[in-house]
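Some notes on the structure that comes next.
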Amino acid sequence: LGRSRRIVSAKIPIGINGKRIKERDRTLIHNSTARKSERLFNVLPQSVRNITETTTETFKRHLDKWLSSIPDTPKIDGYGANVAAETNSIFHQTRYCIV
169 LGRSRRIVSA KIPIGINGKR IKERDRTLIH NSTARKSERL FNVLPQSVRN
219 ITETTTETFK RHLDKWLSSI PDTPKIDGYG ANVAAETNSI FHQTRYCIV
């Protein structure tokens, strides 16, 4: 199987050059598109994450198959009290995949 491909994020520093980074700025970094992309990539199962030397269509087919196993159960206007995941985000829903 070999090694699993993952993206390792650098820790968000508390300060730079002796100056403390504001919590608001640290939150902006944490919620940036790049950081969200890293987290989503790392949520992919190894079988999808490690696909190499294939066509885009083949990769998309594997990705679609995996995505179809993730529940789509949003909480709407108080309904969804029985929804297990914290949010409807793929990041949270992957813990409840139908495998």
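The sequence shown begins at 169 in the numbering used here and counts up one residue at a time. Beta carbons: idealized from backbone N, C-alpha and C, even for Gly. Note that this is a predicted model, so its numbers are computed, not measured.
- Pairwise C-beta distances place the region 253-267 in contact with the region 228-242, as three or more of them are shorter than 8 Å.
- Separation of asparagine 250 and serine 257 (C-alpha to C-alpha, rounded to the nearest whole angstrom) is 16 Å.
- By a beta-carbon distance limit of 8 Å, serine 172 does not contact glutamate 206. Their separation comes to about 15 Å.
- Short of 8 Å from the beta carbon of proline 213, and not among the five residues preceding or following it, lie these beta carbons of its own chain, in chain order: Trp234.
- DSSP places arginine 188 in the strand class (E or B) of the three-state scheme.
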